[in-house]
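Each remark here refers to the structure printed beneath this line.
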Ligand SMILES: [Fe+2]
Ligand SMILES: [Fe+2]
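Residue numbers (this note's numbering), protein chains in the order written: chain W, 1 to 378; chain P, 379 to 740; chain S, 741 to 880.
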């Protein structure tokens, strides 16, 4: 233990013993009844929606009026409670500026996440896998794809976990959102592992290049950098991959998996977009730093297509390994790659970071494959 | 950005050329031969669906993981083929007995199937009859404020271990992610309870905060697990059961039943985890016990703090039920520690002397 | 009773189904979205609030909606027939598949935030159309 509390042994602490003696005599101090905190009327605005964080967004309890620099509270107490800064157990939060973590709509995303949880054990009709013919080579390709997803999902448990405990408790809605994301991603890793181990092939080979991307995400210097890289770029890519995978899924069981993971993923991407938008609006001085992060992120993403990943997607998209099927697969995967980049650019635009597009390394990539310049198109 | 990938992929001609070759339809397909161990697991019980236990056959199961993991520090899932060149993700929890619990698999499944969302699952309108100015209501709001902080810190403590945990123990990672959600939900439900109607939050507690900080700043994962999954979860479970007992409305009844239920999963994991650890390394029991002695002192401070015990007395209609609550809490905590393999703690714990000092103690 | 497609009656019938099968929608979770379905030139607006479809109407301003699913009547018809035949969309006719590659149905949105809502609520919106399995539809 690195922290031992301020009282060596309460059994011999005079103040403590005195208070207990008073209690035994029936004398209550009741100082806590005069907390001096605000009393307000809170109701569920829409009873069907229940009591949401948005319903509590008022005065000193609310998040809208929360300052960028909530000075004072550094302990466990929730926002709006009475805190004596000099008499609190300081948990040592490192992220104390609202702009470092906040996102537009984060309270809604959190409520949505709590409401849209699902269970990978029972929400997928696993028994039905036997009802569909699954050609061996497609099942192998699908097992490789599931190996990749199982591998990459857990970056999105680890990265949010790495930062959330460093965030001041004043940012409860963000911390809660991150907790829902950690749970979502654990479920994603679970569902892809289950699919790989139910299909007859098992897990295949891990992908080193993809893992360098994961490491780069985990090692980002600041939360906002990590969020731009992971939530916006990497999870944006994964969302497009989920849509593509749903499209090429060999069975309705697999379609169901991708429909469900897609919903969670879109929420994570939306948070990332809205956090970046918040930073652009409130702290535009960080643009250069985010350019640098996304430049390296784009560079490393260009290399993320391990041979096995690219090929398994081509095989799945073309539905086989015959030359005609491969040609069809290449066509579809090429279209998918362009779409990934286009959607990333659309999100940058919505986040108010359009200038990133101009400097993006992906523009050269698009030019190399003869795709029209997205800036000219816009 | 702190990490530099081993090469600048955007300028790697070999890589770009290989990608171009594939996109021209020239595939290697050598990966298709890399099938290591076939698996086609199906639900053991269709009502439960396909569970984590169902898919842990052969070398995919945790039995294949050695006590000291030396072979994998990447995110490659357990049972995948590990090629050269996988980076290290920097895990620092790489010893199986330090983190493992067989119970984790079922607890994760249980937590998913018992998910609840406070916004819509709690019948908030059942609180409309409460008198916001009554001492009882204000006492409950004070306790909710404190428990909200406990929930937030529980989530933090779990988070602190998630990214340090080796991927080979993925079931434990999943469970810790669920603990993040459980903690956040306790914080949410209690905040909403305190504010509903003409609500307010109460005062912070330094003593309780110090207990939370002791657990959060633990030196090792087993210490942190003992603090979170035994001490804090015992506190949460006992308080929730007591508040359920004290209420007469459907909203509180549901909140506290659910909170007690969630806390119970922490307890089950904690007991099984420490038991696994102490079976493998019984020599660690004394060090853990010394750690628990310190935590017990922190717990005494928290339970005796005016802003904690007084609202409980007000809500319970007197001191006696609170003394019973604390006695039960301590007895259950001791029995959990014993069941985990820590031996009898009653004689060495400061909790026992504290219980004797309580008004209404038996 | 046979319901013509495309028509407001068809969307009203789906709305009614979300009430009759509310458990499914409740289980899928909150879904707050305003979207359009454009069948050829005819446009219908659908609004979900919490877990329920609260409004359907003909027409609507596409720029005020989160996104519009726009496709030729033949594709819509194919999708609806597949839903009727299989008791829900088969692999070739899920909303994602139809909107993903080849753009048989286009997702038209003002910005990324709007189109991302289709993905955030995919299972609910898919279930909305899948409820067509209970309807008898006559095509124009
Ligand atoms: Fe994910
Ligand atoms: Fe995600």
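All C-beta atoms in this analysis are idealised placements derived from N, C-alpha and C, irrespective of residue type, glycine included.
It should be emphasised that the depicted structure is a prediction, and the values quoted were computed from it without experimental measurement.
Would you list, in chain order, the members of the segment 167-189 of chain W that have their beta-carbon closer than 8 Å to a beta-carbon of chain P?
Those residues of the segment 167-189 of chain W placed with their C-beta closer than 8 Å to a C-beta in chain P are 169, 172, 175, 176, 178, 179, 180, 182, 183, 185, 186, 187, 189, ordered along the chain.
Endpoints, alpha helix (DSSP H) assigned at residue 334 of chain W
Counted from its first residue, the first chain places residue 334 of chain W at position 334. It spans 323-350 - the alpha helix (DSSP H) in which residue 334 of chain W sits, taken as one unbroken run.
Given 8 Å as the limit, is there contact between the segment 335-342 of chain W and the segment 350-357 of chain W, that is, 3 or more CB pairs closer than that?
No, the segment 335-342 of chain W is not in contact with the segment 350-357 of chain W.
Within 8 Å (strictly less), CB to CB, does residue 769 of chain S reach chain W?
The residue labelled residue 769 of chain S in the question sits at position 29 within the third chain. With 8 Å as the cut-off, residue 769 of chain S counts as an interface residue toward chain W.
Determine, for residue 635 of chain P, whether the minimum Cβ-Cβ distance to residues of chain W falls below 8 Å.
Counting from 1 along the second chain, the entry for residue 635 of chain P is found at position 257. No - not a single Cβ of chain W is within 8 Å of the one on residue 635 of chain P.
Nearest-angstrom beta carbon gap, residue 106 of chain W and residue 7 of chain W [assumed within contact, 8 Å]:
As a working mapping, residue 7 of chain W is identified with position 7 in the first chain. As a working mapping, residue 106 of chain W is identified with position 106 in the first chain. About 38 Å; that fails the 8 Å criterion.
Is residue 152 of chain W close to chain P, meaning its C-beta is less than 8 Å from at least one C-beta of that chain?
The sequence position of residue 152 of chain W within the first chain is 152, counting from 1. Output row for residue 152 of chain W: interface = yes.
For residue 257 of chain W, which residues in chain P fall below 9 Å Cβ to Cβ?
Numbered from 1 along the first chain, position 257 holds the residue referred to as residue 257 of chain W. Against chain P, the beta carbon of residue 257 of chain W has no neighbour under 9 Å; the closest one sits roughly 11 Å away.
Give me the subset of the segment 858-870 of chain S whose CB atoms are less than 9 Å from a CB atom of chain W, sorted by chain position.
Cβ contacts with chain W come from 858, 859, 860, 861, 862, 863, 864, 866.
Drop a sphere of 10 angstroms on the beta-carbon of residue 158 of chain W, count the other beta-carbons inside from all chains shown, and report buried for 16 or more, exposed for fewer.
On the first chain, residue 158 of chain W is found 158 positions in, with the first residue counted as 1. Counting C-beta atoms within 10 angstroms of its own C-beta, residue 158 of chain W has 16 or more neighbours from the protein chains shown and is therefore classed as buried.
8 Å Cβ cutoff, residue 880 of chain S in contact with chain W
One-based indexing of the third chain puts residue 880 of chain S at position 140. Judged by the 8 Å Cβ criterion, residue 880 of chain S is not in contact with chain W.
Under DSSP, the beta strand (DSSP E) around residue 603 of chain P begins and ends at which residues?
To locate residue 603 of chain P, count along the second chain from 1; it is residue 225. Not the beta strand (DSSP E): residue 603 of chain P falls in the alpha helix (DSSP H), residues 599-603.
Using beta carbons (cut-off 8 Å, strictly below), is residue 701 of chain P in contact with chain W?
Residue numbering aside, residue 701 of chain P sits at position 323 when the second chain is read from its first letter. Interface annotation, residue 701 of chain P: not in contact with chain W, CB-CB separation never under 8 Å.
I want to see whether chain W comes within less than 8 Å of residue 841 of chain S, judged by CB atoms only; does it?
Along the third chain, one-based indexing puts residue 841 of chain S at 101. At a cut-off of 8 Å between C-beta atoms, residue 841 of chain S counts as an interface residue with respect to chain W.
Using Cβ-Cβ distances below 8 Å, what residues of the segment 308-336 of chain W are close to chain S?
The residues in question are 332, 335, 336.
In angstroms, rounded to a whole number, what distance separates the CA positions of residue 407 of chain W and residue 291 of chain W?
Residue numbering for chain W in the displayed model covers 1 to 378; residue 407 of chain W lies beyond these limits and cannot be assessed.
Under 5 Å from any heavy atom of ligand 2, by CB: list those residues in chain order, please.
So the residues near ligand 2 by this Cβ test are W:156, W:235, W:265, W:268.
Any heavy atom of ligand 1 closer than 7 Å to the Cβ of residue 184 of chain W?
Taking the first chain and counting its residues from 1, one reaches residue 184 of chain W at position 184. It does: the Cβ of residue 184 of chain W is within 7 Å (strictly closer) of some heavy atom of ligand 1.
Taking the C-alpha atoms as reference points, what is the distance between residue 82 of chain W and residue 831 of chain S?
The residue labelled residue 82 of chain W in the question sits at position 82 within the first chain. The residue labelled residue 831 of chain S in the question sits at position 91 within the third chain. When the Cα atoms are used, residue 82 of chain W and residue 831 of chain S turn out to be separated by approximately 56 Å.
Could you tell me whether the Cβ atoms of residue 810 of chain S and residue 848 of chain S are closer together than 8 Å?
Walking along the third chain from the start, residue 810 of chain S turns up at place 70. Walking along the third chain from the start, residue 848 of chain S turns up at place 108. Their beta carbons are under 8 Å apart, which means residue 810 of chain S touches residue 848 of chain S by this criterion.
Among W:100, W:203, W:122, which one has its Cα closest to the Cα of residue 435 of chain P?
Reading the second chain from its first residue, position 57 is the one you call residue 435 of chain P. When the alpha-carbon of residue 435 of chain P is set against those of W:100, W:203, W:122, the nearest one is in W:203.
Would a C-beta distance cut-off of 8 Å place residue 780 of chain S and residue 813 of chain S closer than the cut-off?
Position 40 of the third chain, counting from 1, holds the residue named residue 780 of chain S. Position 73 of the third chain, counting from 1, holds the residue named residue 813 of chain S. A contact, by the Cβ cut-off of 8 Å.
Under the three-state reduction of DSSP, which class applies to residue 744 of chain S: helix, strand or coil?
As a first step, residue 744 of chain S must be located in the third chain, where it is residue number 4. In the structure shown, residue 744 of chain S adopts extended strand secondary structure according to DSSP, grouped into three states.
Leaving out five residues on either side along the sequence, give the residues of the same chain with a beta carbon under 7 Å from the beta carbon of residue 255 of chain W.
Walking along the first chain from the start, residue 255 of chain W turns up at place 255. Correct list, in chain order: 246, 249.
Say yes only if the C-beta of residue 390 of chain W is nearer than 7 Å to one or more non-hydrogen atoms of ligand 1, and no if none qualify.
The question about residue 390 of chain W has no answer here: the residues shown for chain W are numbered 1 through 378.
Taking 7 Å as the line, does the beta carbon of residue 136 of chain W fall inside it for any heavy atom of ligand 1?
Residue mapping note: residue 136 of chain W aligns to position 136 of the first chain, counting from 1. Incorrect: residue 136 of chain W has no Cβ contact closer than 7 Å to ligand 1.
Measure from the alpha carbon of residue 759 of chain S to the alpha carbon of each residue in S:790, S:741, S:747, then state which is nearest.
Within the third chain, numbered from 1, the residue matching residue 759 of chain S stands at position 19. Distances from the alpha-carbon of residue 759 of chain S to those of S:790, S:741, S:747 put S:790 closest.
Should residue 528 of chain P be listed as close to ligand 1, given that the test is whether its C-beta is under 7 Å from any heavy atom?
For the purposes of this step, residue 528 of chain P is taken as the residue at position 150 of the second chain. It does not: the Cβ of residue 528 of chain P is nowhere closer than 7 Å to a heavy atom of ligand 1.
Does the Cβ-Cβ distance between residue 558 of chain P and residue 179 of chain W come in under 8 Å?
Indexing the second chain from 1 puts residue 558 of chain P at position 180. Indexing the first chain from 1 puts residue 179 of chain W at position 179. Taking 8 Å as the Cβ cut-off, residue 558 of chain P and residue 179 of chain W qualify as a contacting pair.
Just to confirm, is the Cβ distance from residue 657 of chain P to residue 719 of chain P under 8 Å?
For the purposes of this step, residue 657 of chain P is taken as residue 279 along the second chain, with counting starting at 1. For the purposes of this step, residue 719 of chain P is taken as residue 341 along the second chain, with counting starting at 1. Judged by beta-carbon spacing, residue 719 of chain P lies within the 8 Å limit of residue 657 of chain P, meaning their Cβ atoms are closer than that value.
Helix, strand or coil for residue 661 of chain P? Go by DSSP, reduced to three states.
Counted from its first residue, the second chain places residue 661 of chain P at position 283. DSSP places residue 661 of chain P in helix when its eight states are reduced to three.
To which residues of the same chain is residue 151 of chain W closer than 6 Å at the C-beta, ignoring the five residues directly before and after it?
Against the first chain, residue 151 of chain W aligns to sequence position 151. Contacts found: 206.
Check whether the Cβ of residue 664 of chain P sits closer than 7 Å to any heavy atom of ligand 1, and report yes or no.
Numbered from its first residue, the second chain carries residue 664 of chain P at position 286. The closest heavy atom of ligand 1 lies 7 Å or more from the beta carbon of residue 664 of chain P.
Using a threshold of 8 Å, state whether the C-beta atoms of residue 854 of chain S and residue 807 of chain S are closer than that.
Numbered from its first residue, the third chain carries residue 854 of chain S at position 114. Numbered from its first residue, the third chain carries residue 807 of chain S at position 67. Cβ distance < 8 Å, so residue 854 of chain S and residue 807 of chain S count as in contact.
Who are residue 459 of chain P's beta bridge partners in DSSP?
By one-based count along the second chain, residue 459 of chain P stands at place 81. Answer is W:205, bridged to residue 459 of chain P.
Kindly say whether residue 758 of chain S, judged by its beta-carbon, lies nearer than 8 Å to any beta-carbon of chain W.
By 1-based counting over the third chain, the position of residue 758 of chain S is 18. It does not; no Cβ of chain W falls within 8 Å.
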